[in-house]
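S.K.: Taking the working numbering, I'd label the letters of the sequence shown as residues 1 to 217. Here a beta-carbon is modelled for each residue, glycine too, at the ideal position from N, C-alpha and C. Note that the coordinates shown come from a computational prediction; the quantities given were computed from them, not determined experimentally.
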Amino acid sequence: MLIPWEEKYSLCDEIYANDDCLYVVADRDCEIFSIKGTTTQKLDASKNQILNALGKFEKLTAENPHINSGYLHSIFQFHTFTLVDNDNHILYICDAQTGQAVKKDNCLGNILISDKGTVYTATNGNVYLSPLGNLDKDKLLFSASENGYRVNYGTYDEKGLYVFHENGNAAECKCLLWEGGMTEIMEFYDIRLAVDLKFNAFGNFKAYFMNGEINLL
Numbered sequence: 001m002l003i004p005w006e007e008k009y010s011l012c013d014e015i016y017a018n019d020d021c022l023y024v025v026a027d028r029d030c031e032i033f034s035i036k037g038t039t040t041q042k043l044d045a046s047k048n049q050i051l052n053a054l055g056k057f058e059k060l061t062a063e064n065p066h067i068n069s070g071y072l073h074s075i076f077q078f079h080t081f082t083l084v085d086n087d088n089h090i091l092y093i094c095d096a097q098t099g100q101a102v103k104k105d106n107c108l109g110n111i112l113i114s115d116k117g118t119v120y121t122a123t124n125g126n127v128y129l130s131p132l133g134n135l136d137k138d139k140l141l142f143s144a145s146e147n148g149y150r151v152n153y154g155t156y157d158e159k160g161l162y163v164f165h166e167n168g169n170a171a172e173c174k175c176l177l178w179e180g181g182m183t184e185i186m187e188f189y190d191i192r193l194a195v196d197l198k199f200n201a202f203g204n205f206k207a208y209f210m211n212g213e214i215n216l217l
């Protein structure tokens, strides 16, 4: 056992290992432990890189407590996390390195943080990318009005963002290219929801789950 059990760990949301340290988020608290072999030692909060990063936005996080899920990963991998004011459809994209926070109005949600930047859906159904290092910019990846429908998404690769348009018991998968444009991937039939496909893209492969089987594209 790496960490002595406490009841609060039953509410554990995320665990991340970085630089011989283990970060644990439980019940909204982030704790840090040093790792030595199979044992750990709890460290002082001053050594917690996550708390130090969030501390740059103390006022903003207090006013907008809805932080993105998986924020340990997004901060360590992309030095980025997001805060959302759901009532007013406001998104804040925060750069943990520079301390910059950029406000995006009319954000519906569906936030995805990647090595390309932060993707989100606006209230009008458009899908935008705010690139890493240029958070003020909004690059339009998908126009709901031009295409006549809205999409959802959850995975990406070096080529682009994979989206689904659901229509009855069918779902059409497309790739929104990071450089612009859209390519057809595949249409799926006799499904309840696109999320049931567990579609994932990695390397040169794309995989999905259907009829009890994992399939590769």
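#1: Under 7 angstroms, do residue 102 and residue 72 count as touching if we go by C-beta distance?
#2: Per the contact definition of three or more C-beta pairs closer than 8 angstroms, is the region 146-160 in contact with the region 110-120?
#3: What did DSSP end up calling residue 143 once you bin it into helix, strand or coil?
#4: Which same chain residues, not among the five before or five after residue 86, have their C-beta less than 7 angstroms away from its C-beta?
#5: Check whether the Cβ atoms of residue 89 and residue 106 sit closer than 7 angstroms, and answer yes or no.
#6: Apply the 10 Å Cβ neighbour rule to residue 145 and answer buried if 16 or more other Cβ atoms are within range, or exposed otherwise.
#7: What does residue 49 pair with, by DSSP beta-bridge criteria?
#8: Within a Cβ cutoff of 6 angstroms, which residues of the same chain sit near residue 17, ignoring the five residues on either side of it in sequence?
#9: At which residues does the beta strand (DSSP E) containing residue 214 begin and terminate?
#10: Please work out which residues of its chain come closer than 7 angstroms, Cβ to Cβ, to residue 75, disregarding the five sequence neighbours upstream and downstream, and give them in chain order.
#11: Label residue 69 either buried or exposed according to how many other C-beta atoms from any shown protein chain fall within 10 Å of its C-beta, with 16 as the threshold for buried.
#12: Under a three-way DSSP split, which group does residue 155 fall into?
#13: I need the boundaries of the alpha helix (DSSP H) containing residue 76, first residue and last residue.
#14: For the beta strand (DSSP E) that residue 206 lies in, which residues bound it at each end?
#15: What residues match up with residue 33 in a beta bridge as DSSP calls it?
M.R.: In this structure, then:
#1: Cβ distance not < 7 angstroms, so residue 102 and residue 72 don't count as in contact.
#2: yes
#3: coil
#4: 66
#5: yes
#6: With fewer than 16 other Cβ atoms from the protein chains shown falling within 10 Å of its own Cβ, residue 145 counts as exposed.
#7: Its beta-bridge partners do not exist; DSSP assigns none.
#8: none
#9: 213-216
#10: 50, 53, 81 and 96
#11: exposed
#12: strand
#13: 71-78
#14: 205-210
#15: DSSP lists 22 and 42 as the bridge partner or partners of residue 33.
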